[in-house]
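Note that our numbering gives residue 956 to position 584 of the sequence shown, counting from 1, and the numbers run on in steps of one. By construction, the Cβ of each residue, glycine as well, lies at the ideal position given by its N, Cα and C atoms.
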Amino acid sequence: MERESFEDHGVAEVLNKYFICIKVDREERPDIDSIYMKACQVMTGRGGWPLSVFMTPDQKPFYTATYIPKKSRYGMPGIIDLAQKLHELWMKNSKEVLNYADDFTKSLTELNETDKIHVPERKTIQNCFERLEHAFDPEYGGFGNAPKFPVPQNLLFLLRYYHSQNNKEALNIVEKTLNAMAKGGIYDHIGGGFARYSTDKIWLVPHFEKMLYDNALLVMCYCEAFQNTSKEIYKVIVKDTLSYIKREMTSEEGGFYSAEDADSEGEEGKYYVWTPEEIIDVLGEKEGIAFCKAYDITKKGNFEGKNIPNLIQNQNWEQVYIQYAEAKEKLLLKRNKRIHPHKDDKILTSWNGLMIAACAVAGKVMDDKDYIEMGEKAFQFIESKLVDKNQRLYVRYREEEKRYLAYVDDYAYIIWAALELFESTGNTSYLDKAQWYSSQMIHLFWDKENGGLFFNGIDSEKLLTNPKEAYDNALPSGNSTAAYNLIRLSRLVEDEISGKYGEKIIEAFSKGLTSYPEAYSFMVSALLFQLSEYNKAILSSSKKDAVYNKAKEKMFKTYLPFTSKAVIDETHSKGRFKDYFTDNETALYVCKDFTCKEPVTGKTILDEIEALKDLN
Numbered sequence: 373m374e375r376e377s378f379e380d381h382g383v384a385e386v387l388n389k390y391f392i393c394i395k396v397d398r399e400e401r402p403d404i405d406s407i408y409m410k411a412c413q414v415m416t417g418r419g420g421w422p423l424s425v426f427m428t429p430d431q432k433p434f435y436t437a438t439y440i441p442k443k444s445r446y447g448m449p450g451i452i453d454l455a456q457k458l459h460e461l462w463m464k465n466s467k468e469v470l471n472y473a474d475d476f477t478k479s480l481t482e483l484n485e486t487d488k489i490h491v492p493e494r495k496t497i498q499n500c501f502e503r504l505e506h507a508f509d510p511e512y513g514g515f516g517n518a519p520k521f522p523v524p525q526n527l528l529f530l531l532r533y534y535h536s537q538n539n540k541e542a543l544n545i546v547e548k549t550l551n552a553m554a555k556g557g558i559y560d561h562i563g564g565g566f567a568r569y570s571t572d573k574i575w576l577v578p579h580f581e582k583m584l585y586d587n588a589l590l591v592m593c594y595c596e597a598f599q600n601t602s603k604e605i606y607k608v609i610v611k612d613t614l615s616y617i618k619r620e621m622t623s624e625e626g627g628f629y630s631a632e633d634a635d636s637e638g639e640e641g642k643y644y645v646w647t648p649e650e651i652i653d654v655l656g657e658k659e660g661i662a663f664c665k666a667y668d669i670t671k672k673g674n675f676e677g678k679n680i681p682n683l684i685q686n687q688n689w690e691q692v693y694i695q696y697a698e699a700k701e702k703l704l705l706k707r708n709k710r711i712h713p714h715k716d717d718k719i720l721t722s723w724n725g726l727m728i729a730a731c732a733v734a735g736k737v738m739d740d741k742d743y744i745e746m747g748e749k750a751f752q753f754i755e756s757k758l759v760d761k762n763q764r765l766y767v768r769y770r771e772e773e774k775r776y777l778a779y780v781d782d783y784a785y786i787i788w789a790a791l792e793l794f795e796s797t798g799n800t801s802y803l804d805k806a807q808w809y810s811s812q813m814i815h816l817f818w819d820k821e822n823g824g825l826f827f828n829g830i831d832s833e834k835l836l837t838n839p840k841e842a843y844d845n846a847l848p849s850g851n852s853t854a855a856y857n858l859i860r861l862s863r864l865v866e867d868e869i870s871g872k873y874g875e876k877i878i879e880a881f882s883k884g885l886t887s888y889p890e891a892y893s894f895m896v897s898a899l900l901f902q903l904s905e906y907n908k909a910i911l912s913s914s915k916k917d918a919v920y921n922k923a924k925e926k927m928f929k930t931y932l933p934f935t936s937k938a939v940i941d942e943t944h945s946k947g948r949f950k951d952y953f954t955d956n957e958t959a960l961y962v963c964k965d966f967t968c969k970e971p972v973t974g975k976t977i978l979d980e981i982e983a984l985k986d987l988n
């Protein structure tokens, strides 16, 4: 539409004659996008982007559509014809249009009301697994048919379900999907990182756009898969993905950019595809031919006459991926000389929160301080550039400017980041931040009548409605993430109030959660956490000896999704956790149902950490 219509002088003349035209960046204003996408879905029975909305001066929609061609065709009105007809309708029957818009807006507002029915039970968790299992593609991994999206929150739920129920099929679904994506063209084998989605069911041809949030959530998935399986390939995928983030998506000040476009020089995927001749020119004939054979690079091509490197048909793909590491570095140097896709260099608080959390998770699981430092630097960037004098978060930063009061998603994801940074560093200042942002989130967004969190804060611009989103779309919803965070925080610091708010969020959306649990998979993860036993493990040391270092590594490599964990030392943590230190010794305190056992010291700590798996 941008090329066909918005840049066309004839179209612009008609639109500007009859309407005030506003173009919205839905990444900066997801609140506006949410309201009018729901309007489009209700009005037309479907939604999507680009989203076109015609509304009255007081923001009430009376006509919505997705793509509108420049000229009428295939029974679809063209944008010029449509604009003229809507103008005529307005001039002749404006009262009818206004009445329709009023009635429609009223029904839209009613749809936004929370409809809780009861507290969700364990069968909701089982139902979620069974529906995801039914949607799973056992041949190629993932869920459903083409186009295929990664849907990381489904994988995170399945890993927790596997841990809770020891259901091996849940782990199989996760591994099959992660392996298929890592082998496929959705993953950039040369430069690292994942594209937005696959256009086919086998993960070969991606929509080449790369989004920060996809890569953040997938880093978490591969880290947790490594914790559950100890498979080295998952660590390597994390390493290469974060190398891409550091190289291409990180500002000098430490914030993370939003996305890279799919096309360069006007062609989608041009930056990423290869011919056999190009490969051989870089690697030499012997290694080049071998690489082409391994990576499905042929004269015929697998994408518009050229080739997307992939290992889909390679039976030894894990070994091959690692084997050609140096060759891929050479190819990356060559590729970097091409014209790069456009980079969306705005820095969004919400997506940065996810990547900070991912860096912290990767740092602790892989015992790599560099990743933790990446996360800490980005967190400091957010606090210095996207927080005002009243400690109010903002949505985005670009060219020395912050804009828009933050939404609930921004708060939920930055709290997630703070909790992961605390767990990875033991620095209680991050725990303080998690509590502060949680209390501010409740103050700004809580629905006092029906529970749950509104999308906009009480101090935000007043729009047509103030939605409450709970179902997980491309990202875990703000309400799902907040519920998970609040339950986790309450157990870590023994704050019953935070936990109650987390439980109330789950109750507020119980109807949708019970009816369509697979659409709320991250909230089902929160429910699983809520229904798990109260467990806490605190590893403390006054001197960071060999026992502490081994125990710390063991603690972080062990998958304990429902155990509140703290790995602390005197540097940052003794004030808040002063009761959990034993003089001049490394000690492990294990607490269950608010009762702590005597601390374990010495080499038996490792055995006790292993036994933590059985607590859940």
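Member of the options whose CA lies at the smallest distance from the CA of residue i
i	options	result
L683	E676, F675 and I669	I669
G660	Y667, I651 and A666	I651
K926	E639, L984, N956 and P889	L984
K757	F949, A778, D635 and K582	A778
Q902	H815, E875, G656 and A846	E875
E795	K715, F928, S887 and V692	F928
L816	W462, E596, M463 and Q763	Q763
G450	V896, K442 and Y931	K442
F580	H506, D633 and E771	D633
K820	N708, K709 and Y873	Y873
T647	G677, Q752 and F966	G677
M621	S377, P578, T967 and M746	M746
G382	A437, D453, K618 and I407	D453
Counted within 10 angstroms of its Cβ, other Cβ atoms place residue i as buried (16 or more) or exposed
i	result
D760	exposed
P510	exposed
T416	exposed
T943	exposed
P429	exposed
Q599	buried
Y439	exposed
A729	buried
A697	exposed
Neighbourhood of residue i by C-beta distance below 7 Å, restricted to the same chain and skipping five residues each side
i	result
E374	none
N674	L576, D668 and I680
A552	Y512, G513, G514 and W575
S870	S810, L858, L861 and S862
T973	T954, E957, T958 and A959
C500	F529, P889, E890, S893 and V896
K706	V654
T853	A784, Y785, W788 and F894
6 Å Cβ shell around residue i - same chain, five flanking residues per side excluded
i	result
K702	V654
K990	There is simply no residue 990 to check, as the chain begins at 373 and stops at 988 in what is shown.
Q525	D844, P848, S893 and F894
V919	T958
G514	K520 and T549
N907	T935, K964 and L987
I545	F508 and L530
Q356	The structure shown has nothing for residue 356, since the chain only spans 373 to 988.
K432	A473 and T477
E596	L531
Rounded Cβ spacing between residue i and residue j (contact assumed at less than 8 Å)
i	j	result
V608	I694	6 Å
G850	A784	4 Å
I562	L704	5 Å
Y472	F434	6 Å
Close beta carbons around residue i, own chain, < 8 Å, minus the five adjacent residues each side
i	result
D405	V396, R398 and L423
K900	Strictly speaking, residue 900 in this sequence is Leu, with Lys absent from that position. Here the set comprises I497, F529, R532, Y533, S536 and F934.
F949	T800, I910, S912, A938 and I940
Check whether residue i and residue j have beta carbons under 8 Å apart
i	j	result
C593	L543	no
K805	F826	no
L791	Y585	no
Y616	G564	yes
T837	L480	yes
V591	A734	yes
S914	N956	yes
I744	C731	yes
N828	D560	no
A909	V865	no
V767	E400	yes
L458	F426	yes
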